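What follows is a single structure, written as structure tokens, with notes after it.
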Amino acid sequence: MKKIIFFLVLNLFYLFSSAQPHKPAPPMGWMSWNLFGININEQVIRGMADAMVSSGMKDAGYEYIIIDDGWQGGRDNRNNIIPDPQKFPSGMKALADYLHSKDLKLGIYSDAAPLTCANFTGSLHFEEQDAKTFAAWGIDYLKYDYCNAPQNADTAKIRYRVMADALVKSGRPIVFGACNWGFWSPWLWARDAGAQLWRSADDIADMWQKKSKEIKSEGIMDVIDKVGDLHEYAGPGYWNDPDMLVVGLYGKGGPSGMGGATGCTDTEYQTNMSLWCLMASPLITSCDLGSMNETTRKIFLNKDIIAINQDALNKPAVRKIKNDNWHVFVKTLENDEFAIGVLNSSGEENIFELPLSDLGLDGKYMMHDLWTKTITKSTKNLNLKVASHETKVFRLTRIK
Ligand code: GLA
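Residues in the sequence shown are numbered from 3 upward in steps of one, following our numbering.
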């Protein structure tokens, strides 16, 4: 009898200790902040959902449409949080129903304080009520920010936990993303506080690298520097979140233009996608899915690259080499396969030569270049010409 009670208590503990993720692979989708800021409405969101389907992105695995800050219209006379009636006149339930009818999922945003980062209504002291409301609307993902809250990890842990428990209590599986910008090393504690993913760097802007340390926003390379060695903190169902992909924004403004950002080259966007896939990061796009050019589409729809990201082992790549010119990552995949990423972070084209055994890969491998699609049947070496800011990505199959 004692044993039965013990197992019952243990099960209850697991049930309430974290919101259940939808699936153990990194979430894929689109988020409104980078391009639209607070200028969002139901037409924009529906349009993005339509484009996600018609562009082929849904078939490639992208499924979350996440509404960031700026949707809120305060609270009604029963303190229920409500959407801005001008921006979302049909209400959130209708929007979620629309997305679900397309087999997509809806995400929303709130903050662990009375006000959000853009000064809209937050969820502090209304966690259970808001979680219930989100569940009733059919929300599938919550990005939970931390502006206007005491800036220390101890309070953050408590406030995230309160919302995580409220989400579990709501009875609906809602992915819980802690937006903590990498302050106070959330990879060490956010999972225990009930989050499935935690922002591990500040807001990404549409640039390769920030021009000075004083700039708060991060470029693609700044984020890689910060998140590239956090592999041990992610796994199936829990992820470091390096923020949205900036692929395809081309300096089109919105908050992604902060910090003097004016856009990136296609090579840099390809590196953005390559590294996010190697780091087993959420793949949350942010450009206008309705007007993507061919290159953007090819980057987002590269199924071989996505497969690296969604691999069943969910193991982020390990950065094996880091120097002024090169960042080399190795990701262990299921079925004894590997992915290798070779990033040239310098300002010039360079040749990269290395025996695979120096990366811990003994023997011979068939090497599939996941961007050019060329296949090397059998090799023991890397011998590559890599353009400035380019990342070559290979899938390696051991030859018996
Ligand atoms: C913070 C977050 C961003 C975005 C804005 C919204 O800056 O880090 O990702 O959600 O708030 O106001």
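Glycine included, each C-beta is placed from N, C-alpha and C at the ideal position.
Quick caveat: nothing in here was measured; it's all calculated off a predicted structure.
Minimum Cα-Cα distance from residue 30 among the listed residues 194, 48, 56 and 61 corresponds to 61. Residue environment analysis places residue 295 among the exposed positions, since fewer than 16 neighbouring C-beta atoms fall within 10 angstroms of its C-beta.
Of the candidates 148, 336, 44 and 73, 44 places its Cα closest to the Cα of residue 92. Per DSSP, reduced to three states, the secondary structure at residue 342 is strand. With a 10 Å radius around the Cβ and a threshold of 16 neighbouring Cβ atoms, residue 80 comes out exposed. Distance from the Cα of residue 128 is smallest, within the candidate group 157, 106 and 161, for 161. Here the alpha carbons of residue 232 and residue 185 stand approximately 14 Å from one another.
The DSSP-derived three-state label of residue 355 is strand. Residue range 143–147 is occupied by the beta strand (DSSP E) that includes residue 144.
In this structure, the straight-line span from the alpha carbon of residue 112 to that of residue 385 is close to 48 Å. The stretch 147–166 makes contact with the stretch 179–193; the number of CB pairs closer than 8 Å reaches 3 or more. Secondary structure note for residue 272: its alpha helix (DSSP H) is the uninterrupted segment 268–280. Residue 254 has its alpha-carbon roughly 34 Å from the corresponding atom of residue 135.
Annotated as proximal: residue 314 and residue 336, with beta-carbon spacing under 8 Å. Not one heavy atom of the ligand GLA sits closer than 7 Å to the Cβ of residue 146.
If only uninterrupted alpha helix (DSSP H) runs of at least 4 residues are considered, those enclosed by the stretch 66–139 are 93–103 and 129–139.
Scanning the stretch 281–312 for uninterrupted alpha helix (DSSP H) segments of 4 residues or longer gives 296–302 and 305–311, listed from N- to C-terminal end. Using a Cβ-Cβ distance cut-off of 8 Å, the stretch 270–280 and the stretch 301–315 are in contact, since at least three pairs of beta carbons, one from each stretch, lie closer than that value. Contact annotation: the stretch 88–103 touches the stretch 34–49, with at least three C-beta pairs closer than 8 Å. In the structure shown, the three-state DSSP call for residue 336 is coil. For residue 122, the closest of 356, 39, 76 and 163 by C-alpha to C-alpha distance is 76. For residue 35, the enclosing alpha helix (DSSP H) starts and ends at 35–38. Of the candidates 140, 132 and 149, the residue whose Cα lies closest to the Cα of residue 164 is 132. The straight-line gap separating the alpha-carbon atoms of residue 361 and residue 265 is approximately 33 Å. Residue 234 carries a helical assignment under DSSP once its states are collapsed to helix, strand and coil. By the beta-carbon neighbour count (other beta carbons within 10 angstroms, threshold 16), residue 202 is buried.
Contact check for residue 207 and residue 275: beta-carbon distance about 17 Å, past the 8 Å limit, so the pair fails to qualify. Across the set 382, 226, 223 and 199, the C-alpha of 199 shows the shortest separation from the C-alpha of residue 238. Beta-carbon to beta-carbon, residue 225 and residue 288 are separated by about 14 Å, too far to satisfy the 8 Å threshold.
A distance criterion of 7 Å places the beta-carbon of residue 149 in contact range of the ligand GLA, judged by its closest non-hydrogen atom. Taking non-hydrogen atoms of the ligand GLA into account, the C-beta of residue 367 is found less than 7 Å away from none of them. Cβ-Cβ separation between residue 87 and residue 73: approximately 11 Å, too far for a contact (criterion under 8 Å).
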